[in-house]
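In the working numbering, the protein residues as written are 172 to 627.
Below is one structure, written out as structure tokens, with a few remarks after it.
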């Protein structure tokens, strides 16, 4: 029986590229899950990705790139000449178009927009002015809107004429706007289908609709979508003029992306975005600044030990316990950091709630510090028999450092938010340095005092 040779997704795509077969390529892409296609593209060379996009129609290429991460899509598009990239962007949805162009170098993005359909380019420029984590940054500008005096028959004819663009947006609503394009109401398309053709829109519309502003943040959007079963919410500017629509699916995707970026920043990826398909030097640059800062802060913490060199020489057992005290205290502090960041995101606390946060954390620190400090002190006494006071020193230092760590961990995110600094980015290195320094000073300081008193 002949051996069946199976190809990986990227090998299949590479074979189609080498054969120059656009039909076979599209069949492979249609058959594969979008996650497999995205993974396959990371295995191709820049030249192969360039050839792949050129083999596809602009509409198919747009569909493919829309499935990728923004940075990955931007990397692929940047390799194309502007006149070839422009039709691909024209075929994309407005929000994805702006997201990907926003990831590109400004000159490259402007060159592409100058070749795009003028109306589409103007839409992109408008969307790019909004922050990516606001309603304006994730809204689409393709929506159905009618004057309140429009008849149902006219609405139905317009929907049929614009069926393709409406199908892409997937919204079961139309919006009612005034002569000055201000939002008046929402029209459910189900009601339009059931109404007589001579009925006017004003008779069917839902007045006083729920809406958001262009600068509404993701947390507030998430709260609104949690409260209401809407597929989408209209977005208006400060003058009440209709600007676009935020779809539930786009909000959920943006929320997930924001959480992912926050996690990466918390882990030391300063820009909040990295993929292994990025150039090696770019990835190194994104990590190196953070690592250098942490190295300097670690050296500051370690310098405390030099000030107590005599104590370390006399009580070498301290060397065993110092990293344990520093590490465990850091863990306790990071737990407090995580809770503070989450409560800030949920709007449950504000920077001025210093005392409330400290009071809540210090109780937890008292309990955990006493339990773990007692255990560590007992271990120190059992292992090193020279004096029971060694266990007291170790346990007390651990207890006090946990108290310091949870206090700092709870309060540092509030302080950073007050100064408009991302808590996920700034809190970990500051907390680690301070807890390490305090831990070393406490254990060495208490040990030095015990030596001077002659109990060790």
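Ideal Cβ positions, reconstructed from N, Cα and C, are used throughout, including at glycine.
Model, not experiment: these values are computed from the prediction.
- Cβ-Cβ distances below 7 Å link residue 609 to 572, 575 in the same chain, with the five nearest sequence neighbours on each side left out; the list follows chain order.
- The beta-carbon separation of residue 494 and residue 589, rounded to 32 Å, does not stay under the 8 Å limit for a contact.
- From the listed residues 316, 322, 577, 298, the smallest Cα separation to residue 333 is found for 316.
- Contact between residue 310 and residue 347 does not hold, since their C-beta atoms are separated by about 18 Å, which reaches or exceeds 8 Å.
- Counting only the Cα atoms, residue 222 lies some 53 Å from residue 472.
- Non-local C-beta neighbours of residue 371 in its own chain, meaning closer than 8 Å and more than five positions away in sequence, comprise 319, 320, 321, 322, 323, ordered along the chain.
- Under the DSSP assignment, residue 413 falls in the beta strand (DSSP E) whose first and last residues are 413-418.
- Spatial neighbours of residue 276 in its own chain (CB-CB distance under 8 Å, excluding positions within 5 residues in sequence) are listed in chain order as 249.
- Taking the CA atoms as reference points, residue 430 sits about 19 Å from residue 520.
- For residue 208, the uninterrupted alpha helix (DSSP H) run begins and ends at 205-214, by DSSP.
- In the DSSP annotation of this structure, the continuous segment of the alpha helix (DSSP H) that includes residue 268 starts and ends at 265-273.
- Within the same chain, 305 come within 6 Å of residue 386 by CB-CB distance, once the 5 residues on both sides are set aside.
- Proximity to residue 238 across 209, 273, 330 peaks at 209, based on C-alpha coordinates.
- DSSP places residue 530 in the helix class (H, G or I) of the three-state scheme.
- For residue 404, the pairing in a beta bridge is given by DSSP as 417.
- Residue 542 sits exposed, since fewer than 16 C-beta atoms from the chains shown fall within 10 Å of its C-beta.
- When secondary structure is reduced to three states using DSSP, residue 333 falls in the coil class, being assigned neither helix nor strand.
- One thing to note: residue 483 has its Cβ no nearer than 9 Å to the Cβ of residue 598.
- At least 9 Å separates the beta-carbon of residue 415 from that of residue 400.
- The beta carbon of residue 247 sits closer than 6 Å to those of 220, all from its chain and outside the five residues before and after it, given in chain order.
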